[in-house]
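To convert, count from 1 in the sequence shown and add 851; that's the working numbering. Ideal Cβ positions, reconstructed from N, Cα and C, are used throughout, including at glycine. Bear in mind that the values here come from a model prediction, so they are computed numbers and not experimental data.
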Amino acid sequence: MLRKPFFRFLPLLLALVLCLPAALGEEADLTDHEAHVWVPVSATEATCAAAARTVLRCEVCCAASFTLDAPATAQHDYDERGVCRTCGWLDLTRATEDEALALYGFVPVDTDGSATWTSGDQVLMGLYPQSLVMEDDPALTALRTLEDPAAFDSYGYYSAGEVADYMRFLDTEVDGVRYRGVYMTDYRPYYTGLPAGPDASYIDDGGYALETVYWFRFDPIVWNVLDYHDGELLLNAARCLDAQPYQALYQGNRGNFSILGSDTLVNDWAASSIRSFLNDDFLHLAFTPEEQALIAVTRLDNRTTGYEPNAKFQITQQDTEDQLFLLSYADLVNPGYGYPETASFDLAANGDSINDVPEAFVRRRSYTPYAAIQGCRPSTQGVTGDGEPACYYMLRSAGNLRFSIAGVSKYGSASYSGSLNPTSKSSQDGFAVNGDFGLLPAMNVKVGVVQ
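Rendered as structure tokens:
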């Protein structure tokens, strides 16, 4: 992200806009991404919390866009509660977590001490089953009295493409703390077209046994702040919280997978089952009605997901409006969000030195124990900066094949191909019908004092 005043770029922009099209000539290849013509499409002024921002979009060879930022210029104007009258930022040096929760509806964490919203800060908001309840937890005695699988509800997961009743759950509360019990009679497959069982699952690799109840505590969700703009925070979960297929119901074959009962391709975000899961199941399980009201409806630009000029297949999708969503491939190469512009960090490019490349750790994410029992694929090679195992996680962008989606590998590479890395169990990597990619939700949250 370039952080310079916009006017310094005007000569360059004028040259690009006015001169480049003529220079290209009649035989110019407009798929050449070195021939961008950037045109400003919006601009905002700086405040005490947000930089001046100009968004530019290429109008010749693609629909790519990028942002020019200038630093925030003003000082906060705090009221008697320690809330900035201009931007709504809470002075955390004057507020406890409970006070922050009462004022904002969530808990902000100013990790860099800048007193402004910056990439790298965090937010605590919502609850989701995450940590495994261990044997020494006093709550386990009360939870054990509820371990009747007949009282559990079915997840309705798929085996060989059909709904089956092999995985069940029960939500309960002990001493004001929420818990979820999980019980399995078989292992959920990593590819929804395969039958349930250990040969097509990673759940058994995590040490989870069949016909055993495991209890998970609802813990606060930690969100990483990627951006602050127009009074909203763009947040992305710090760890993968679940594992769900991008598309559960499908028909066809490798040449033309489509959603069951339609001609819509399985990698179409607007019609995907993961979009429905996020904006229904996840939204209502993780957030109270008051928290849901703080989550903005975000208009997502899904026009171009075929972002490689020579891709075998290109798909143009309609824009959507969602409260919960997945980040796109373009987001994961946006330095303004704290990501490296380099997309690929893998063994092929870096050899045995992959874990010596600092930038390779930026996109790597670990996963919760609850995500593991849902089938999230573990890694024994890629690790996060905290030394935890990294996992694959999905993005909302389609890949370059009719059945593929973009994702991030255990090495921290953002991939748009139909295959990330082959596994020992030969799962269909990059398929929209994979069920073993981690779920890393994103959302925009309104920043302001709760009335």
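Residue i in three-state terms, based on DSSP
i, result
"R995", "helix"
"L1175", "coil"
"A1284", "Here residue 1284 is Val; the residue named in the question, Ala, does not match the sequence. The answer is coil: DSSP assigns V1284 none of H, G, I, E or B."
"A897", "coil"
"T1149", "strand"
"E1141", "helix"
"S1362", "Summary: the structure shown does not reach residue 1362, with the chain confined to residues 852 through 1302, and so no result is reported for it."
"G1157", "Its pLDDT being 48, under 50, G1157 is placed unreliably in this model, and the value from its coordinates should be taken loosely. Here G1157 sits in coil by DSSP."
"G1289", "strand"
"H1080", "strand"
"V1093", "The sequence as given places Asp at residue 1093; Val does not occur at that position. Correct three-state label for D1093: strand."
"A966", "coil"
"A953", "helix"
"W940", "coil"
"D1070", "strand"
"A1088", "strand"
"A903", "strand"
"R932", "coil"
"Y1190", "coil"
"L1304", "Residue 1304 lies beyond the stretch modelled for the chain, which goes from 852 to 1302, so this question has no answer here."
"V1184", "helix"
"A874", "Confidence in A874 is poor, its pLDDT being 31 and thus under 50, which makes the residue's placement unreliable; the coordinate value appears in the next sentence. DSSP places A874 in helix when its eight states are reduced to three."
Sub-8 angstroms separation of residue i and residue j beta-carbons
i, j, result
"S1248", "A1257", "yes"
"D1022", "R1031", "yes"
"M976", "F957", "yes"
"P1359", "Y1042", "Here the chain has residues from 852 to 1302 only, and residue 1359 is not among them."
"L1086", "V906", "no"
"G933", "A953", "no"
"D1119", "Q1168", "yes"
"N1153", "A1121", "yes"
"D963", "D972", "yes"
"I1224", "Y1065", "yes"
"A1194", "V1208", "no"
"A894", "H927", "no"
"L1084", "Y1188", "no"
"P1096", "V892", "no"
"S1124", "L1145", "no"
"V890", "R908", "yes"
"I981", "P1229", "The sequence given here has Gln at residue 981, not Ile. No, the Cβ-Cβ distance between Q981 and P1229 is not below 8 angstroms."
"L1129", "Y979", "no"
Cβ distance (whole Å) where residue i is taken to contact residue j below 8 angstroms
i, j, result
"G801", "S1255", "Summary: the structure shown does not reach residue 801, with the chain confined to residues 852 through 1302, and so no result is reported for it."
"L983", "F1067", "6 angstroms"
"P1046", "S1010", "5 angstroms"
"L1134", "A1293", "No, L1134 and A1293 are not in contact; Cβ-Cβ is about 13 angstroms, not under 8 angstroms."
"C1091", "R1216", "6 angstroms"
"Y1180", "L1116", "Actually they do not touch by this definition, with Cβ atoms about 17 angstroms apart."
"L1016", "S1005", "The displayed chain sequence assigns Asp, not Leu, to residue 1016. Confirmed, about 5 angstroms."
CA nearest to the CA of residue i, picked from the options
i, options, result
"V1025", "V1033, L991, Y1079, S1005", "L991"
"L1291", "A1222, S1230, Y1262, L1061", "A1222"
"A1147", "E1210, F1212, T944, K1297", "K1297"
"C1227", "Y1180, V1117, D1287", "D1287"
"Y1244", "D928, Y1262, H1080", "Y1262"
"L1252", "E1013, N1107, G1027", "N1107"
"V960", "W889, T937, I1072", "I1072"
"G1057", "Y1218, Q1102, G1299", "Y1218"
"C935", "T969, C899, D949, G1289", "C899"
"E1239", "F1212, V1259, G1250, L1246", "F1212"
"Y1079", "D1114, D1131, C938, H927", "C938"
"S1127", "E1062, E1210, Q1098, G1250", "Q1098"
"D1170", "Y1180, D1182, L1151", "L1151"
"T1063", "Q1095, G1082, A1051, F1020", "F1020"
"D1237", "N1206, A1060, W940", "N1206"
"C1242", "I1110, V888, D1093", "D1093"
"L994", "L1111, A1089, R1029", "R1029"
"G1082", "T1149, A1051, D1132, Y1006", "T1149"
"V1014", "A1002, Y979, E896, R1039", "R1039"
"E1172", "D942, N1295, S1260, A1002", "N1295"
Every unbroken beta strand (DSSP E) within the region 1196–1266, with a cutoff of 3 residues, ordered by chain: 1244–1249, 1256–1259
Exercise. Which residue spans inside the region 971–1054 form an unbroken alpha helix (DSSP H) run of at least 4?
Worked result: 990–995
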